[in-house]
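Residue numbers (the working numbering), protein chains in the order written: chain A, 4 to 390; chain B, -18 to 155. Virtual Cβ for every residue (Gly too), placed ideally from N, Cα, C. Just so you know, these numbers come straight off a predicted model, no measurement behind them.
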Amino acid sequence: MGKRRVAIVGAGMTKFVRRAQETGKELAYEAAKMALDSCELTLKDVDCVSLGTAPDAFDGVHMKGEYLSDGAGGWRKPIMRPYVGGGTGVFTAIHGWLQVTSGLFDICLVVAEEKMSSCYPHPAGAFLTIFDHTTEQPLKPNLIWIFALEMRRYMETYGISHRDIALVSVKNKKNAMDHPCAQIPQEITVDDVLNSEVLADPVHLLDISPTSDGAAALVLASEHIAKKITDKPVWLDGVGWNIDTAYWATRDLCYPRYVEKAARMAYEMAGIKEPHKEIQVAEPYDPFDYKELHHMEGLLLCGKGEAPRLTAEGVTARDGNLPICPSGGLLGVGNPIAASGVMKICEIFWQLREEAGKRQVPGKPKVGLAQAWGDLMQVGTVVVMRR
Amino acid sequence: MNNKKLNFKGTALRSSDIKEKKVLTTSWKPSLQYAWDDGVAIGRYLKELKNGKIIARKCKKCGRIMIPPRMFCELCFRPTDEWVYVKDTGIINTFSISYVHWDARRIKEGEKPFIPAVIEIDGASEGMGILHVLGEVDPEDVKSGMRVKAVWKSPEERIGAITDIKYFKPIIER
Ligand SMILES: [Zn+2]
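See below:
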C-alpha cells in the first residue's frame, strides 16, 4: 500500500485537574512543549500539527481549533483538527499518522486539549445537543442516560452484576495513585462504589470518570527520521477507526461492533492474528467502569461477557497477564475528553519504553494498544503500538 | 528518561480560589435560540404523532421497517419505499432510573425519578427502538422485556412532537 512506518518519538501531558488556572491555549502549550523537549526537538523541526479537542460548547469558544492553534505549535504551519467526540484523542494520533505515513510530512506534532470547567453550572448540560434535536432532545435526556441504558443491557445480556463491574473502578483509581498527573487517585472498595450516589441506575457516582481540564501531546516521525531522533522509537503499526449508526436505540447496545471493526482494521495492519495473546498491555477507553469491560470484548482481548471474570481473577491488574489501564485510566487520571485519548497513548509509549516508573508493568512488553470511544455511543478509534 | 524526572505542568484551582478572587474569571450567559426544521421523514413522523399514530418507513431491498422513519436506507444506501403504520405498543429493551436532570441537577426530595427506556416498537423490524420515558409504574417494578403502551396527550394538546406521547406505561396482562 506504500505506507511509510511511523514512530512516536516524544510524549507529554499536563496534570489532569477539575479546574485549571491555565487557559486551554496554555495547557496545549505545556503538553506540546513537554513532548518536544522529551525528544529534544523544537517547533522548527515540526512539519505539521494535528490538533484534537472535543465539543466547542465546553469552552464556549467557537472555532476552538483556531483559538488553540498558537498554544499547539500551529503558528504558520499546516494544522488540522479532526473530531469524533470522545474518540477524538486517539483519532487525532491516527490523523497525525496519516499525514506522516502518506509521505506528505516527516514530523507531526499531535496535541489534544480539553477545558470542560468553563461550562456552568455543570459541563453535563453541554451534552444535551448531541441527542437528535427533534426526536430526543424534547425528552430532556442527560448524557448518563445512554450509559445507564447500555450498562443495563450489557449486564442483563451476559448476567453480569454491578459488583463485577465496580472492580474496574477500584482497580483504575488505585492504579492512578502512581500517576503524577492523576485527578482522583483513590483507594476504594467495591462497596464504596455500590454505596455511592445513584445518578441513573445502574450508574452510581463512582462508576463514572470526572470532568477535567488538561492536555496531552505526542511527536510522530517517519521511520528514517525517528531513528535519528531516538534509539527507542515506539511504532504506530496499526490504526483503525469505525462508526456505527446515529440511530443508537436501533442497535444492540450489549456489544460495540464498531470497536471490533476498528480493532480488526488495526490488527490486520499490524499483523496481529490473536490479539488476546499478542497484546501485552492495553489502555481501552474507560469513561465508565463497564466501558472498560465492554471495550476489552470489542477489542477481542477476551470473549463476549468474559471481561468481568478476567478482572475478578486479577488478569487485568498491573501485574496480571494482561494489564488493562495501568495508567489509572479516565476513572483515576481524569477525563479531559480529547486529551484523555492521547494520555492513553502516552501511557503505552512510556510502558513500552519502560519509562512508566511506579506504574511500569512487568515482563518488558513489546506490543500495546490504546483505544478511545465516543460520539453517540458509536465510534471506536484504535492504535496498536510496538517497540 | 524516567517518569520521576518528568515535570508535569498544570495548576489545580479550588472553588475558594474563585470565591476569594485569587483567580479572576470573565463570564457570559448566552441567550441563543435555534429552530430546527423537521425534515422530510421526521416531518411526517411528527404529523402522525399529532394524529395519535406512529409511522415508520420501509426499505423493500433489506425489508427493514425503520423507526424513526428515514427517506434513505443507510444500509442499502437507496431511497426507502413506503410508509407503514406501526403500533403504539412495544417491549422495554433496556431502561434506567434517573435522579438527575439533563444538566446534572439532582431531582428534588420526594420528586419521582425519570425512567428513560429504549422501547422496541411493535410492527417495526426487530431491535428497532426509540428513546422515551416510562410512567404510571413504580421504578422497582420496571423490568426489561416488559410490554408497554403509549399514553397520549389529548388531541387538543398534541402539537406534533415526540412529547405528544406523554410516556409509555406497562400493559397489565390479565
Ligand atoms: Zn435497506
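Rounded to the nearest angstrom, how far is the Cβ of M83/A from that of H98/A, given a contact under 8 Å? The count along the first sequence starts at 1 and reaches residue 83/A at position 80. The count along the first sequence starts at 1 and reaches residue 98/A at position 95. Between H98/A and M83/A the Cβ distance is about 7 Å, and since that is below 8 Å, they are a contact.
How would you label S212/A, buried or exposed, when you count the other beta carbons within 10 angstroms and need 16 or more for buried? Taking the first residue of the first sequence as 1, we reach residue 212/A at position 209. With 16 or more Cβ atoms within 10 Å of its Cβ, S212/A is classed as buried.
Within 10 Å of its beta-carbon, does H227/A have 16 or more other beta-carbons around it, so buried, or fewer, so exposed? For the purposes of this step, residue 227/A is taken as residue 224 along the first sequence, with counting starting at 1. That one is exposed.
Residues of its chain near S79/B, where Cβ-Cβ distance is below 7 Å and the 5 sequence neighbours each way are ignored: Taking the second sequence and counting its residues from 1, the one referred to as residue 79/B is at position 98. Contacts found: P94, F95 and P97.
M(-18)/B to D48/A, Cα distance in whole Å? Position 1 of the second sequence, counted from the first residue, corresponds to residue -18/B. Position 45 of the first sequence, counted from the first residue, corresponds to residue 48/A. With a pLDDT of 46 at M(-18)/B, under the threshold of 50, the predicted position of this residue should be treated as unreliable, and no value is reported.
What residues in the region 143 to 169 of chain A have a beta carbon less than 7 Å from any beta carbon of chain B? K143, P144, N145, I147, W148, A151, L152, R155, R156 and E159
Helix, strand or coil for K39/B? Go by DSSP, reduced to three states. Mapped onto the second sequence, residue 39/B falls at position 58. Strand at K39/B.
What does DSSP give as the partner residues of R128/B in its beta bridges? Counted from its first residue, the second sequence places residue 128/B at position 147. Note: R128/B sits in a beta bridge opposite I72/B.
Cβ of V93/A less than 8 Å from any chain B Cβ? As a position in the first sequence, residue 93/A is number 90, starting the count at 1. Taking Cβ atoms only, chain B never reaches closer than 8 Å to V93/A, which makes this a no.
Using a Cβ-Cβ distance under 8 Å, would D255/A count as near chain B? The residue given as residue 255/A occupies position 252 in the first sequence. Yes, D255/A counts as interfacial toward chain B.
Under 8 Å between C-beta atoms, does Q374/A make it to chain B? For the purposes of this step, residue 374/A is taken as residue 371 along the first sequence, with counting starting at 1. Chain B, which has no Cβ nearer than 8 Å to the Cβ of Q374/A, makes this no.
Mind listing the chain A neighbours of K41/B? Cutoff is C-beta to C-beta under 8 Å, in chain order. Stepping through the second sequence from its first residue, residue 41/B is reached at position 60. Chain A residues near K41/B: none, gap ~18 Å exceeds 8 Å.
For G68/A, report the span of its alpha helix (DSSP H) as first-last. As a working mapping, residue 68/A is identified with position 65 in the first sequence. Segment K67 to L71, the alpha helix (DSSP H) holding G68/A.
Please list the segments of the beta strand (DSSP E) lying wholly inside the region 292 to 365 of chain A, counting only runs of 3 or more residues, in order along the chain. none
At the level of alpha carbons, what is the spacing between R260/A and K174/A? Within the first sequence, numbered from 1, the residue matching residue 260/A stands at position 257. Within the first sequence, numbered from 1, the residue matching residue 174/A stands at position 171. Using only the alpha carbons, I get a separation of about 26 Å.
Pull out every residue of the region 121 to 153 of chain B whose Cβ sits closer than 8 Å to any Cβ of chain A, in chain order. S125, A142, I143 and T144
Mind checking if L(-6)/B is an interface residue toward chain A, Cβ cutoff 8 Å exclusive? Looking up residue -6/B in the second sequence gives position 13. True, the Cβ-Cβ gap to chain A drops below 8 Å.
Spell out whether any CB of chain A is found under 8 Å from the CB atom of V4/B. Position 23 of the second sequence, counting from 1, holds the residue named residue 4/B. Interface residue, yes.
Against M16/A, what residues of chain B qualify as contacts under a CB-to-CB distance less than 8 Å, listed in chain order? Along the first sequence, read from residue 1 onward, the residue named residue 16/A stands at position 13. Correct list: F(-11).
Counting only Cβ pairs nearer than 9 Å, list the residues of chain B close to C184/A. Here the question's residue 184/A lines up with position 181 in the first sequence. Here the neighbours are F(-11) and G(-9).
Quick check: what's the CA-CA separation for G274/A versus L296/A? Here residue 274/A corresponds to residue number 271 of the first sequence, with the count starting at 1. Here residue 296/A corresponds to residue number 293 of the first sequence, with the count starting at 1. The alpha-carbon atoms of G274/A and L296/A are separated by roughly 24 Å.
For G112/B, would you say it is in contact with chain A, using Cβ-to-Cβ distances shorter than 8 Å as the test? Here residue 112/B is taken as the residue at index 131 of the second sequence, counted from 1. In the sequence as presented, Gly is not what sits at residue 112/B; that position holds Leu. By this cut-off, L112/B is an interface position.
For F130/A, which three-state DSSP category applies? Your numbering for residue 130/A matches position 127 in the first sequence. Correct three-state label for F130/A: helix.
Quick one: grab the DSSP three-state call for M52/B. Stepping through the second sequence from its first residue, residue 52/B is reached at position 71. Three-state DSSP puts M52/B in coil, outside helix and strand.
Secondary structure, alpha helix (DSSP H): runs of 4+ residues fully inside the region 71 to 121 of chain A: 91 to 104
In chain A, what lies closer than 7 Å to V99/B by C-beta? Looking up residue 99/B in the second sequence gives position 118. Per Cβ cutoff of 7 Å: L152 and A252.
Among residues of its own chain, excluding the 5 on either side of R51/B, which ones have a beta-carbon nearer than 7 Å to its beta-carbon? As a position in the second sequence, residue 51/B is number 70, starting the count at 1. These residues qualify, in order along the chain: A22, R38 and T61.
Per DSSP, M16/A is paired with what? On the first sequence, position 13 is the one that residue 16/A refers to. The partner list for M16/A (beta bridge, DSSP) reads A219/A.
From this set, A169/A, G128/A and W148/A, which residue's C-alpha is nearest N198/A's C-alpha? One-based indexing of the first sequence puts residue 198/A at position 195. The residue with the shortest Cα to Cα distance from N198/A is A169/A.
For V81/B, go through chain A and note every residue whose CB falls closer than 7 Å to its CB, in chain order. Taking the second sequence and counting its residues from 1, one reaches residue 81/B at position 100. Correct list: N145, I147, L202 and A203.
Would a C-beta distance cut-off of 8 Å place K147/B and G116/B closer than the cut-off? Mapped onto the second sequence, residue 147/B falls at position 166. Mapped onto the second sequence, residue 116/B falls at position 135. Contact: yes.
What does DSSP give as the partner residue(s) for C51/A in the beta ladder? Here residue 51/A refers to the residue found at position 48 of the first sequence. Paired residue(s): C111/A.
Please name the residues in the region 61 to 77 of chain B whose beta-carbon is closer than 8 Å to at least one beta-carbon of chain A, in chain order. N74, T75, F76 and S77
Tell me which residues share the same chain as K235/A and place their Cβ nearer than 6 Å to its Cβ, disregarding the 5 neighbours each side in the sequence. Taking the first sequence and counting its residues from 1, one reaches residue 235/A at position 232. Excluding positions up to five away in sequence, the list reads R356.
Cβ-based contacts, 8 Å cut-off: residues of the region 18 to 32 of chain A near chain B: K18, F19, V20, R21, R22, A23, Q24, E25 and L30
Is G110/B helix, strand or coil by DSSP? The residue labelled residue 110/B in the question sits at position 129 within the second sequence. Strand, per DSSP.
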